[in-house]
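So in the working numbering, the last one in the first sequence is 780, and the numbering has no gaps at all.
Contents: one structure, followed by commentary.
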Amino acid sequence: MIDYERDLNEAQFEAAASTDGPLLVVAGAGSGKTRTIVYRLAYLVESGIPASSILLLTFTRKAAVEMLERARRLAEHSYGLPKLSSSEPLLDPRPFATVQGGTFHSYAYSILRIFRPQGYSGNLTIMDNHDILAAFQHCREELKIGKGDRSFPKNQTVNALLSKSRNKEMPLEDALRRDAPHLFMHHSAMEELTAAYARYKREKSLLDYDDLLFSLEEVLLTRPEALAYCRGRHKYIMVDEYQDTNPVQARIAGLVAGLDPPAQRKPEGTPDGFRGNLMAVGDDAQSIYAFRGADIRNILDFPKIFKGTKIIRLEENYRSTQHLLNLSNAVLENAAEGYAKHLFTRRGDGLKPNIVRPLSDRSQAAHAAARIIELMRSHRPGDIAVLFRSGFHSFPLEVTLNKLGIAFKKYGGVRYTEAAHVRDVLSFLRLVLNPMDFTAFCRMAELSRGVGVKTCLKIYQTALSGDGEKAAEMAARHPELAGDLAFLENARRRELTPVQLLTEIIEHYTPRMELLYPDDYPRRAQGLEQLIQIAAAYKDPDLLAVDLSLEDPENREEGAEALTLSTIHSAKGLEWNAVLILDLVEERFPSRHAMVRPEDYEEERRLMYVACTRARTVLELYVPSSLYDRSGGGTMPASPSPFVRELSPSLYRELQEGWDGALSEKRRPAPGNRLGGNDFSRPPPVSKIVDFHTHAARNRSLPHEDDNAAAEPEAPPVGPDACGFCRHRIFGRGKIVQHLPPDKVRVNFPGFGLKVIMASYLSMEDG
DNA sequence: ATAGATGGCATTTTT
DNA sequence: TGCCATCTAT
14 MIDYERDLNE AQFEAAASTD GPLLVVAGAG SGKTRTIVYR LAYLVESGIP
64 ASSILLLTFT RKAAVEMLER ARRLAEHSYG LPKLSSSEPL LDPRPFATVQ
114 GGTFHSYAYS ILRIFRPQGY SGNLTIMDNH DILAAFQHCR EELKIGKGDR
164 SFPKNQTVNA LLSKSRNKEM PLEDALRRDA PHLFMHHSAM EELTAAYARY
214 KREKSLLDYD DLLFSLEEVL LTRPEALAYC RGRHKYIMVD EYQDTNPVQA
264 RIAGLVAGLD PPAQRKPEGT PDGFRGNLMA VGDDAQSIYA FRGADIRNIL
314 DFPKIFKGTK IIRLEENYRS TQHLLNLSNA VLENAAEGYA KHLFTRRGDG
364 LKPNIVRPLS DRSQAAHAAA RIIELMRSHR PGDIAVLFRS GFHSFPLEVT
414 LNKLGIAFKK YGGVRYTEAA HVRDVLSFLR LVLNPMDFTA FCRMAELSRG
464 VGVKTCLKIY QTALSGDGEK AAEMAARHPE LAGDLAFLEN ARRRELTPVQ
514 LLTEIIEHYT PRMELLYPDD YPRRAQGLEQ LIQIAAAYKD PDLLAVDLSL
564 EDPENREEGA EALTLSTIHS AKGLEWNAVL ILDLVEERFP SRHAMVRPED
614 YEEERRLMYV ACTRARTVLE LYVPSSLYDR SGGGTMPASP SPFVRELSPS
664 LYRELQEGWD GALSEKRRPA PGNRLGGNDF SRPPPVSKIV DFHTHAARNR
714 SLPHEDDNAA AEPEAPPVGP DACGFCRHRI FGRGKIVQHL PPDKVRVNFP
764 GFGLKVIMAS YLSMEDG
C-alpha cells in the first residue's frame with residue numbers, strides 16, 4: 014500500500030488528500046509538485062474514484078505522459094504485480110491507465126470531434142503554423158491587401174498579432190496600439206484580412222490553435238448536451254501550471270469542473286453553487302507566457318472565483334542546494350511586485366553558483382563547451398543543460414559542440430514537425446483520414462511537377478462542389494498526382510494500424526524525397542523512422558495525426574542521454590544536475606523587446622527565476638563582455654544583465670576570462686585593501702580552455718595557449734612602468750589603473766569597468 | 001500558371 | 001543567416 018504520510022511532507026499530503034472541492038496548490042519551484050499530483054492521483058483512485066473520471070490538464074502532453082508514467086510506477090512499486098489466483102478483488106495492474114491527460118488543445122479537439130462547432134461539418138482539421146501562413150497568403154492575394162506595400166505586415170506578423178488579440182481577448186485595434194503602434198495605420202485592412210481568414214477556415218473545416226479553445230468554449234456554452242457530456246465524464250479536474258493559463262482556458266476548466274456559465278450564475282457569485290472538484294497547481298513566480306495571453310490573475314483570483322477554495326503552499330524545495338536557492342530567491346527579491354516566496358531546502362549548502370565572464374560570445378561557447386566536457390566526467394550528459402533566452406543564442410555553442418563531436422538535443426527553435434519531409438508525410442497521413450483536408454492536399458499535390466496553388470485550388474473547388482469525377486479527371490492530367498491519389502485510395506480501403514499506414518506512406522514517399530533532397534535524404538529518412546516509433550503508441554490514426562500537428566514529437570523521443578540545449582521556455586518544469594545559462598547581457602536577457610513595458614520586464618525576471626531553479630547542484634551564469642552582431646558590423650560591447658548586476662557578490666563565485674583565454678577567479682578587493690598590490694597571488698586557473706576556434710583565433714591573430722605551456726607573454730608593448738592610456742582590441746581605449754606584476758595591468762575601460770588584462774595584449778595610446 | 005531565382009528583410013518566447 | 005515574398009523566364 015502507499016504510505017502517503019511517509020512519502021509526502023505535511024503540505025503535500027494535505028494537497029493529495031483534499032479530494033473534493035476547489036483546491037489551489039501554490040507550488041514553488043522544485044517543491045515536489047509532480048510528486049504531489051501523482052500521489053493525489055493515487056489517493057483518488059484508492060478512494061474508489063474511477064481513474065477514467067479524472068482529467069489531468071497539463072501544459073504539454075509530455076508533462077501529462079510523464080506524470081501518468083510516474084503514477085504507474087508508483088502503483089507497480091506499491092501494489093506489486095496482481096496475484097491472479099487471489100480471491101480478493103484484484104487491483105488493476107495499471108490503475109491509472111484510464112486517467113485522461115493532455116493539453117487544453119488536445120482535450121478541446123477530443124471534445125470537438127464529438128460535438129462539432131457551429132458552422133463546421135465534416136472532419137475537422139487542425140492547422141499548423143505553415144497552414145496558417147498559407148491561409149493568410151491566400152486571403153491577402155484574394156483581397157489584394159497589402160500588395161506592393163512594404164509597410165504592410167508580413168503574414169507571420171499578422172498572425173502573431175491576431176493570435177495575441179484573441180488570446181488576450183482584446184480587439185485587434187487595441188492589440189495593435191499596444192504592441193505594434195507602427196502598424197496601427199493598417200488596422201482596417203488587417204480586420205478585413207482577419208475576416209477573410211475566418212471565412213477561409215470555416216469553408217475548409219480548418220481550426221487553428223486558438224479556434225480549438227474558443228470553439229470548445231462556445232460548444233460548452235451553447236450545447237447543454239456537450240457540457241453534460243464533459244461533466245459526466247470527468248468529475249475530477251486537475252490543471253497543472255495554472256499560472257500560464259489564459260482566460261479561455263480558465264473558463265473551460267471552470268465550466269467542465271461545474272462552475273455555471275456567467276448567465277446562469279446567481280448575482281452574488283457562487284456562494285455555495287460550486288460543487289465541482291477542481292485542483293489548480295501553479296506558481297505565480299513562474300508565469301512566463303503572458304506574451305501569448307496567459308494571465309497571472311487566473312491563479313491570483315482563483316480563490317475569488319471558486320468560493321471555498323482551500324489554498325496550500327509548497328515551499329520546501331527538494332531540488333537545489335541552498336546556495337543555488339539563495340541566488341534564485343534573490344532574483345525574485347528585486348521583483349516589482351513582492352512575491353512572498355522563500356524557498357528553503359534541507360539538502361545542504363552545496364557550491365555557490367559561478368558567474369563566468371568570457372570576453373566574447375565566441376569564447377563563451379568555448380568555455381561552456383570546456384565546462385561541459387569537465388562536467389561530463391562526473392555527470393551523465395542527460396544531467397546537463399544549457400539554457401538561453403532565445404533560440405538563436407545557442408548558435409555559436411552548437412557550432413562548437415558539433416566540432417567537438419558532442420551530441421546534444423535542442424528544444425525550442427526549429428521544430429521537427431516543421432521539417433519539410435515530415436510535413437510531406439504528415440500530409441499523406443491526413444489525406445488518408447480526411448480526403449477533404451485542403452492544406453494537406455495542396456502540400457501533397459505540389460510535390461508533383463506542373464502543379465501549383467492555382468491547380469490545387471481548382472481541383473479542390475471542383476471536388477467540393479460534389480463533382481468528384483471531374484476532379485479526378487483534372488488530377489489525372491498530372492501523372493504523379495494521379496499516382497498519389499491512387500495510393501491514398503488504396504490505403505483508405507484497408508483498415509491499417511497507424512504503424513502500417515505510416516510505413517506504407519513512407520515507402521510511397523521515399524523516392525520523391527530522394528529527388529527533392531538529394532544532399533541529405535538519408536538523414537531525413539532516419540527522421541521518418543522516428544515517426545513510426547511514435548506511431549507505435551497509437552491505436553487511432555486520427556489521434557496520431559492531430560498530435561503530430563499539435564506538438565513536437567522530438568520531445569518524447571528516446572533517451573535522456575544527450576546534453577540538452579533549450580530555451581528557458583522549453584525548459585520549464587524540467588531539472589538537471591548542472592545548468593549553464595548563456596548570454597546574460599542587456600538586449601538579450603532581458604530581451605530587448607521586453608524593455609518597454611514594466612510588466613514585460615517583470616516577466617523576464619520570472620524567466621530568469623525559472624532558469625536558475627532548474628539546477629540541482631551546479632549553476633553557472635555566463636556574462637560575455639562582447640557579442641558578435643552582424644547588423645552592428647562586428648563585435649559590439651555588451652553590458653551585464655541587470656539580473657546579474659543586482660545580485661550581491663556574496664551569492665556567487667566569479668570567474669573571469671583573461672586575455673590568455675584562461676578563467677581565473679576574480680579578485681574582489683578585500684575591505685580596506687582596495688588597491689593593495691601585494692596579495693594578488695593568482696589563484697589556479699579553474700578551467701583552461703583548449704582553443705576550439707583555432708582558425709577563428711588565427712584570423713584574429715590572437716596568440717593562444719599550447720596545451721602544456723603556461724602562457725608566458727612576449728615582450729609587453731605596454732611597459733612595466735607605463736601609465737596613462739592604452740588600447741584593447743575589444744574594449745577600446747582605457748586608462749591603466751594599476752600594475753599587477755609580473756605581466757598584467759588593471760585597466761579601466763569606459764563602459765566596461767575595470768579589467769585585469771595581460772599587458773602584452775594592449776598597445777599604448779597617447780594621453 | 002509554374003518554377004526557379006533574385007533580392008530584401010528582420011531576428012522572442014509556444015500551443 | 002536563413003527565410004519570405006515578389007519577380008521573371010519558361
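We treat Cβ as the ideally placed atom computed from N, Cα and C, and that holds for glycine.
In this text, all values refer to a predicted model and were calculated from it rather than measured experimentally.
Check	Outcome
Residue range of the beta strand (DSSP E) that includes Ala398	397 to 401
Cβ-based burial, Asn503 [other Cβ within 10 Å; buried from 16]	exposed
Opening and closing residue of the alpha helix (DSSP H) in which Asn367 lies	Unbroken run through Asn367 is the beta strand (DSSP E), 367 to 370; no alpha helix (DSSP H).
DSSP three-state assignment for Met777, whether helix, strand or coil	strand
Residues that Arg326 bridges to, as DSSP identifies them	Val39
Residue burial classification, Ser478 (beta-carbon count within 10 angstroms, cutoff 16)	exposed
Nearest-angstrom Cα separation, counted from Ile250 out to Pro237	19 Å
Where Asp8 sits in the DSSP three-state scheme	Outside the shown range of the chain (14 to 780) lies residue 8, about which nothing can therefore be said.
Lys167 versus Ile594: straight-line alpha-carbon distance, rounded	32 Å
Segment contact flag, the segment 358 to 365 with the segment 331 to 346, C-beta cutoff 8 Å, min 3 pairs	yes
Cβ pair Gly45, Tyr331 closer than 8 Å	yes
Rounded straight-line distance, which links the Cα of Leu632 to that of Ile124	43 Å
Proximity below 8 Å, CB of Leu794 to CB of Val38	Not covered by the structure: residue 794. The range shown for the chain is 14 to 780.
Candidates Gly132, His392, Leu345, Leu175, of which the one nearest Ser590 by Cα	As written in the sequence, residue 590 is Asn, which differs from the Ser given in the question. It is His392 whose Cα lies nearest to the Cα of Asn590.
Closest by C-alpha distance to Leu640, when choosing among Pro653, Leu634, Thr630	Pro653
Candidates Leu175, Arg305, Ser164, Leu556, of which the one nearest Thr138 by Cα	Leu556
Within the segment 401 to 450, ranges of the alpha helix (DSSP H) (whole runs, at least 4 residues)	408 to 417, 433 to 446
Selection from Gln299, Lys471, Tyr665, Ala538 that minimises the alpha carbon distance to Leu587	Gln299
Touching by the beta-carbon criterion (3+ pairs, under 8 Å), the segment 68 to 81 and the segment 653 to 662	no
Pair within 8 Å by beta-carbon distance, Phe109 and Arg129	no
Closest residue to Lys217 among Lys423, Met140, Lys552 (Cα-Cα distance)	Met140
Validate contact between the segment 618 to 628 and the segment 397 to 414 using beta carbons, cut 8 Å, 3 pairs	yes
Assumed close pair Ala307, Asp257 - CB separation to whole angstroms, cut-off 8 Å	4 Å
Identity of the residue in Ala433, Thr648, Ser579, Ala458 nearest Leu541 by Cα	Ala433
Cα-Cα separation, Gly463 to His491	8 Å
Check whether His118 and Leu225 have beta carbons under 8 Å apart	yes
Validate contact between the segment 403 to 420 and the segment 595 to 609 using beta carbons, cut 8 Å, 3 pairs	yes
Neighbourhood of Glu154 by C-beta, 7 Å cutoff - its chain only, sequence neighbours within 5 removed	none
Pairwise C-alpha distance: Ser663 and Asp33	46 Å
Cβ neighbours of Ala550 in the same chain (closer than 8 Å, five flanking residues each side left out)	none
Leu668 beta carbon less than 8 Å from that of Ser677	yes
Limits of the beta strand (DSSP E) - the one that Arg666 falls within	666 to 670
Range of the contiguous alpha helix (DSSP H) that encloses Leu595	Neither: Leu595 is in no alpha helix (DSSP H) and is coded neither H nor E.
Given Lys354 as reference, the closest of Arg310, Arg390, Asp296 once Cα atoms are compared	Asp296
Reduced DSSP category for Asp692 - H, G, I as helix; E, B as strand; rest coil	Any reading at Asp692 must be qualified, since the residue scores a pLDDT of 32, below 50, and its modelled position is unreliable; the value itself is stated next. In this structure, Asp692 counts as coil in the three-state DSSP scheme.
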